[in-house]
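Residues 0 to 479 in numbering that gives the first Met the number 0 are what the sequence shown spells out, letter by letter. The C-beta atom is built at its ideal place from N, Cα and C for all residues, glycine as well. These notes concern the structure reproduced below.
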Amino acid sequence: MSLKQKTFKGVIWSAVERFSTQGVQFLFGILLARLLTPNDYGTIAMLAIFMAVSQTFIDSGFGNALVRKPDRSEADKATVFFFNIFMAIVCYAIIFLGAPFVAKFYEMPQLVDILRVLAINLIIQAFGSIQHLNLTIDLNFKTLAKVSFIGAIVGGAVGLLCAYNGLGVWSLVVQQMTTTSTRVLLFWILVHWRPKCFFSKASFKNMFGFGSKLLISGLLNTVYDNAYDLIIGKVFSAATLGNFSRASHLANFPSSNITGIFQRVTYPVLSKIQNDPEKLRLGYLKFLNMATLIIFPLMIGLAAIAKPFVLLVLTEKWFNVILILQIICIAQMWYPVHAINLNILQVLGRSDLFLKLEIIKKIAGITILVVTIPHGIIALCYGQWVSTCFSLVVNTYYSGKLLNAGLLTQLKMYIPTLLNSLVMGAICIGVTKLLPEQEHALQLALGIVTGVIYYIASNCIFNRATVKELLDLVSKKNKS
């Protein structure tokens with residue numbers, strides 16, 4: 000099988016894994032949101048930063064270092080495996096001892112027990128780290144899809160059962176732990192890898208140079224990404240954080256999944272052609288073009304139908320989510336562009352530049368956050384627009400220098416898709432405005448149908464080259 004065919008197969012199964020799993024989680028999330036309250040979701044969101052920072056320390060950049068290493072050995076894998084478990088135990092101990100201080104910070108005593116139980120997830124997840132990486136390295140997203148899908152089903156069902164029986168916020172804790180436990184169990188059953196040796200100092204030292212820089216940048220990114228939850232939970236209320244968290248999750252569903260599909264496939268694929276600059280440049284731009292062709296209409300479309308969607312699916316108690324969701328969607332639609340631009344630096348082994356960019360962006364982002372927070376939650380959301388624009392300029396700087404594919408080159412490629420997506424969004428809004436105010440189901444259905452029909456038809460007419468390329472790729476895959 001050629002690299003192109005293997006790439007396409009990887010994209011397809013990665014898409015299946017992401018959207019089937021996230022689709023199930025999205026569905027269970029909606030059902031849980033109808034049973035739980037914004038306060039319940041806000042309580043869990045307050046703890047997200049501590050879990051995320053711990054996970055970053057547990058990985059420490061060694062996962063990406065292992066994927067990128069062309070001559071990876073069993074000693075390398077075993078080293079990462081045992082390091083992850085060791086760090087998970089250390090992080091859990093710190094969280095267990097620090098839980099009372101977290102509860103005092105938020106002035107919510109109930110957080111002590113919740114955080115201590117939730118953090119057990121870190122240790123469980125560490126036991127499946129190498130099996131997960133092996134599937135990614137081999138582009139075996141078919142097996143990964145099975146594991147993730149079953150885990151989401153089991154975890155969601157158990158969480159829903161808990162919520163139905165009145166367990167409240169603990170339903171979300173149980174859901175996460177059940178999902179992780181199921182996934183790790185299936186990894187050990189389906190992936191035939193076991194550590195054949197123990198921790199190797201030589202392997203650790205070899206990967207530490209690359210991984211340590213990613214650790215620092217990963218920490219910056221993790222703290223920054225969760226700073227909103229931390230500050231909103233402290234300055235405002237758990238309910239306000241719950242509304243922000245639910246809006247963020249709704250916006251992240253298409254954004255993070257599209258990004259995840261392309262990021263997980265592009266990194267190993269582009270790593271294989273890293274020594275051919277022109278081939279690397281063309282492949283990199285092609286991935287960017289495909290990602291924006293999908294993500295722009297999804298995010299703009301979601302913003303356009305946000306009101307009928309929220310009122311129909313989540314009910315009136317989540318009304319305050321609507322405007323927040325619309326604002327965040329516009330900022331999040333650029334996320335795949337940021338991720339793929341940063342991916343190329345890792346492919347080229349320039350984790351030093353990756354770190355430099357992360358520091359610059361995070362300083363700017365925190366500054367924007369500090370300026371907007373006194374003006375309320377909506378101003379804070381609009382601040383994400385400013386942060387996104389700044390990040391786009393910064394992230395494309397080294398792409399221009401290293402691959403001659405900077406901001407102007409990329410914008411010329413994006414603008415037609417962006418304009419077409421905006422027209423589609425306007426059509427969706429127009430259709431919903433023509434219908435009665437209380438007909439949320441009809442507004443949602445017609446808004447989606449008209450938007451999809453317009454976007455597909457317009458691309459077949461004005462963007463035939465890309466459509467033909469996609470169809471050719473599908474045709475070759477079917478013949479292979």
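Taking the alpha-carbon positions, what's the residue i to residue j distance?
i, j, result
"L421", "N38", "34 Å"
"Q409", "F295", "14 Å"
"N83", "P415", "44 Å"
"S254", "S398", "22 Å"
"L132", "I149", "18 Å"
"V15", "T142", "11 Å"
"V309", "A404", "39 Å"
"R182", "I460", "44 Å"
"G154", "V320", "25 Å"
"Q331", "V157", "31 Å"
"A92", "F261", "35 Å"
"G348", "Q437", "55 Å"
"Y453", "W187", "46 Å"
"I339", "N164", "43 Å"
"I152", "A144", "12 Å"
"L281", "K355", "25 Å"
"A456", "K411", "22 Å"
"L495", "T387", "This structure does not reach residue 495, given that the chain is present from 0 up to 479, and the question cannot be answered."
"Y327", "I376", "The sequence given here places Ile at residue 327; Tyr does not occur at that position. So the alpha carbons of these two residues sit roughly 12 Å apart."
"L249", "F197", "42 Å"
"R193", "A305", "47 Å"
"V146", "T178", "10 Å"
"W169", "G41", "13 Å"
"T465", "S19", "25 Å"
"P276", "N288", "18 Å"
"K467", "N242", "42 Å"
"I447", "L65", "42 Å"
"K278", "L401", "13 Å"
"Y334", "N251", "9 Å"
"A490", "K204", "For the chain, the structure presents residues 0 to 479; residue 490 sits outside this window and is missing."
"Y105", "L324", "25 Å"
"A303", "A440", "14 Å"
"L31", "L301", "21 Å"
"I136", "P108", "43 Å"
"I29", "S236", "22 Å"
"L34", "A162", "7 Å"
"N462", "I215", "41 Å"
"F56", "M50", "10 Å"
"I48", "L229", "7 Å"
"L313", "Q442", "15 Å"
"F318", "L159", "22 Å"
"N458", "Q21", "27 Å"
Spatial neighbours of residue i within its chain, please: CB distance less than 7 Å, with the 5 preceding and 5 following residues excluded, ordered by chain position.
i, result
"F61", "V79, F82, M206 and G210"
"V473", "Summary for V473: the model assigns pLDDT 49, below 50, so the residue's position carries little reliability; its value from the coordinates is reported in the next sentence. Nothing meets the Cβ criterion."
"I88", "I122"
"S390", "H337 and K360"
"C90", "S53, F56, I57 and L121"
"L311", "H439, A440 and L443"
"R71", "L65"
Which residues in the same chain as residue i place their Cβ atom closer than 6 Å to its Cβ, once the five residues preceding and following it in sequence are excluded?
i, result
"A98", "V111, L114 and R115"
"K76", "I129"
"Y413", "T291"
"Y266", "N342"
"Y283", "I343"
"L539", "Any property of residue 539 remains undetermined from this structure, which presents the chain solely from 0 to 479."
"M423", "P296, G450, Y453 and Y454"
"S244", "Y40 and A44"
By Cβ distance, which residues of its chain are closer than 8 Å to residue i, with the 5 residues on each side in sequence left out?
i, result
"L445", "V430, T431 and L434"
"I365", "Y223 and A226"
"K480", "The question about residue 480 has no answer here: the residues shown for the chain are numbered 0 through 479."
"K195", "E73 and A77"
So residue i and residue j are in contact, right, with Cβ under 8 Å, and what is the actual spacing, rounded?
i, j, result
"I372", "V222", "With 8 Å as the limit, I372 and V222 do not qualify as a contact, their Cβ atoms being about 16 Å apart."
"M176", "N120", "5 Å"
"N256", "H337", "About 15 Å; that fails the 8 Å criterion."
"G232", "M45", "4 Å"
"L219", "I358", "6 Å"
"I272", "M298", "Rounded, the Cβ-Cβ distance is 30 Å, inconsistent with contact."
Starting from the N-terminal side, write out each stretch of the alpha helix (DSSP H) that is 4 residues or longer and does not extend beyond the stretch 72–157.
-> Within the stretch 72–157, the complete alpha helix (DSSP H) runs of at least 4 residues fall at 73–105, 110–117, 119–125 and 128–136.
Please list the segments of the beta strand (DSSP E) lying wholly inside the stretch 392–467, counting only runs of 3 or more residues, in order along the chain.
-> List check, beta strand (DSSP E) in window: nothing returned.
Counting only runs of 4+ residues fully inside the stretch 303–367, write out the alpha helix (DSSP H) ranges in chain order.
-> Along the length of the stretch 303–367, whole alpha helix (DSSP H) runs at least 4 residues long occupy 305–308, 320–331 and 334–346, reported in chain order.
Runs of alpha helix (DSSP H) lying entirely within the stretch 174–221, each at least 4 residues, in chain order | If only uninterrupted alpha helix (DSSP H) runs of at least 4 residues are considered, none is enclosed by the stretch 174–221.
Identify every run of the beta strand (DSSP E) within the stretch 223–270, keeping only runs that are complete inside it and at least 3 residues long; order them along the chain.
-> Whole beta strand (DSSP E) segments, 3+ residues: zero.
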